[in-house]
Amino acid sequence: AFKQYKIVEGLVKKASTIYISTDYDREGEAIARSLLDRFRYSGPIRRVCLTALDESSIKKALNNVKDGKDTVSLYYAALARQRADWLVGMNVSRLYTVLARDVGFNHTLHVGRVITPTVALVCQRDREIAGFTPSPYWTLGVNVSVQNGQFAAQWIPPEECSDEQGRCVNKAYAEQVASQVNGANAVISKAETKPGKESAPLPFDLTSLQQYASKRWGYTAQQVLDAAQALYETHKATTYPRTDSRYLPESQKEDIPDILQALILSDQNVSGLVAGADPHRKARVFNDAKVTAHHAIIPTPARTDISAMSEIEFNLYDAIRRFYIAQFYSEFEFTKTSIEVQCGRHLFASAGKTPTKQGWKVLFASDSESSPKDEGEDTDAPVEQEKLPRVSQGEPALLNGAELANKMTRPAPHFTEATLLAAMENIARFVTEEKFKQILKDTAGLGTPATRASIIQGAVDKGYFKRQKKVLLATDKAHALIAVLPPAIKSPGMTAAWEQELEKVASGSGNMSVFMKQISTWICQMVEQLKVAAPVLTKEGGAMAKAFEGAKPPSHECFNCGGEMHRIKGKNGFFWGCQNEACKKTFPDNRGKPEKRIAAEDCPDCPDCGSPMRLRKGKAPGKKRASKFWGCTAYPDCKGTMPFKKSDFMD
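Set out below in structure tokens:
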């Protein structure tokens, strides 16, 4: 990287005019301008406003170059955001870390504009689940026999015995209905059949690709980002992945034949799928108005070696190419049938969906490939039967096989990476302040497509989240921190308020210095208020003391000084560290417990040469796992070994 930096620096010093062609947004502007400031460049600047890298888009951008003065405000907005994030992270993180230490929690607390509201989301969901009280409800299904066959139908409970979701909560009434309708005559009160169409899913942006891969294969957001980056940089197989758009510019139409041909040259197995595509089809994916700094993730016109891809890379590549090919297939067509059955005053309903033309769905073996679901997702949704018999309104029917089922209400599920990514992208749904809702709807939400994966992974690494299969759970540390933070820090509203001011800076109507002064004043006020409140917060029974009581890490008496040791996660795994400033000894971790180091005088002598032995670890021949053994310190001159018996060194 430094070598490339020096090359760019040398070129800038030779240049009479600089053309900036990074991403046409705040952060793209900041990358270029930061370098130019560092190089002390003071010459003319021009701006190339690129949103795609195909030949036609590049020509169009070069014919509409802007003066650098027209876009410098984007740089100021990015700079303001960077500096404000740094100020919050440095000051508020330090502030709460010090307060937590006063109540015996000796670990760093990380507070940030994006990570903290994300952690708060998961904490809130976990609290809702923990405090949820399930309540019973009843469903009633029947078989309906008509002239042309039979079908299943579900009872529609009346309002007087239903909750807000239309579920029957009166057991006695449900049992009475089941008894009354079993074997009873009924009539078809409604029979409606309508044709329907379903367009192909749009190509992926980064967030939708991460959600899809999490649901289908269980990949983490970071794994998907890394693999998508490799497909782009290493394999040249797909386009730039860090995009928030699922659309393509009109100019990309020219590349359709080349991309489809490259897919066949790269993998003959898709030749049949490509053969069914119509490159001339008018596809909704082409929409200049909905393309941001980058377009959707699609295959490139370059031939690629799929055998060089890892399993995760190929899985993502296969999904990306299928979603692209799908744009040039016809719509999935079906007939949708709705039937209502009246039995006295009791109403039953059934719905069916019969495919009439597969269209783009031929590209996928099942709906779980084109639209995967998390485990347990939509389990309470009514099931659409594939085919219903032909019926007519007023036709007589017979009900039988009445089956009453007792069910329990369930809380919203724990967040998975897929659902947390969706929540971060659509954070406005979780905001109660109306003034912030629209701002967050109009922006990217919490984080950006390029940063959300690292935010989630960062929350895991910092000890705020723990993974349990696909589920993300908040830790005691997370709950403790969120419990003591003020709403302004943990609410997405702060992002909305900042975004409002940063947009003014970006458009030129706001001032970066004014914004930074507001942030600095706010932080100083918060620090001063907490300084005054600290004695009350940290005393026994105070808010900080209560919150962090259950979040303290495991402890053990130090083998060296008798002080308190904590289990700490380092770059090479866990270890134990003494908290006594005068000691600071560390000890290895052995399955969650500190392991006492064996003193030199306790080490045995080599049975072969008499030299002292040292405890070592390695694989014995024929063994799958490494184990400890005594090895001679005179190695390689002496290769004497002895088995290590832990029991010999236990108190």
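Number 612 in the UniProt record's numbering belongs to position 612 of the sequence shown; there are no gaps in the numbering. Ideal Cβ positions, reconstructed from N, Cα and C, are used throughout, including at glycine.
- Counting C-beta pairs with one atom in each stretch, the region 37-47 and the region 77-86 have fewer than three that are closer than 8 Å, which means they do not touch.
- Non-local beta-carbon contacts of L388 in its own chain, meaning distances under 7 Å to residues more than five positions away in sequence, involve F151, T337, I339, S350, G352 in chain order.
- Annotation: the continuous beta strand (DSSP E) that includes S145 extends over 136-146.
- In the structure shown, N590 falls within a strand segment according to DSSP collapsed to helix, strand and coil.
- For D367, the secondary structure class from DSSP, reduced to helix, strand or coil, is helix.
- Around the beta-carbon of A153, 16 or more other beta-carbon atoms lie within 10 Å, marking it buried.
- A15 has its alpha-carbon roughly 54 Å from the corresponding atom of R101.
- For N315, the enclosing alpha helix (DSSP H) covers residues 311-325.
- When DSSP reads this structure, H556 sits in a beta bridge with M565.
- Per DSSP, I339 is one residue of the beta strand (DSSP E) stretching across 332-343.
- Shortest Cα-Cα distance from T139 to any of L404, D608, A428, V8 involves L404.
- The region 480-489 makes no contact with the region 415-433, as fewer than three CB pairs between them are under 8 Å.
- Apart from the 5 residues on each side of it in sequence, A488 sits with its Cβ closer than 7 Å to the Cβ of M494 in its chain, given in chain order.
- Taking the Cα of R597 as reference, the smallest distance to any Cα among L615, M309, Q529 is reached at L615.
- Here Y76 is buried, its C-beta having at least 16 other C-beta atoms within 10 Å.
- Fewer than three beta-carbon pairs drawn from the region 248-260 and the region 226-240 are found closer than 8 Å, and the two stretches are therefore not classed as touching.
- If you draw a straight line from the Cα of T409 to the Cα of R303, it comes to about 52 Å.
- The region 490-507 and the region 58-78 touch, with no fewer than 3 CB-CB distances between them shorter than 8 Å.
- Per DSSP, R46 lies in no alpha helix (DSSP H); the unbroken beta strand (DSSP E) holding it starts and ends at 45-47.
- Distances from the alpha-carbon of K639 to those of P607, K624, K619, S627 put P607 closest.
- The criterion of a C-beta distance shorter than 8 Å is satisfied by Y329 and A277.
- Taking a 10 Å sphere around the C-beta of Y5, we find fewer than 16 other C-beta atoms and assign the residue as exposed.
- The DSSP-derived three-state label of T495 is helix.
- Under DSSP, P487 takes part in no beta bridge, so it has no partner.
- Boundaries of the beta strand (DSSP E) harbouring T641: 641-643, taken from the DSSP string.
- In the structure shown, the three-state DSSP call for P195 is strand.
- The Cβ atoms of N148 and R429 lie no closer than 8 Å to each other.
- Within the same chain, P136, W138 come within 7 Å of N406 by CB-CB distance, once the 5 residues on both sides are set aside.
- Within the region 39-97, the complete alpha helix (DSSP H) segments at least 4 residues long are 55-62, listed from N- to C-terminus.
- Straight across, the Cα-Cα distance linking W522 with A497 is about 13 Å.
- Put simply, of Q500, S392, G43 the residue whose alpha carbon is nearest the alpha carbon of F436 is Q500.
- Pairing F204 with V8, the inter-Cα distance amounts to about 33 Å.
- Around the beta carbon of K477, 16 or more other beta carbons lie within 10 angstroms, which makes this residue buried.
- The residues V114, P117, T118, M424, I427, P492, T495, in chain order, have a CB closer than 7 Å to that of L446 in the same chain once the five nearest residues on each side in sequence are set aside.
- Rounded to the nearest whole angstrom, the C-alpha separation of I325 and E313 is 18 Å.
- Scanning Q165, S57, T292 for the CA closest to the CA of D442 turns up T292.
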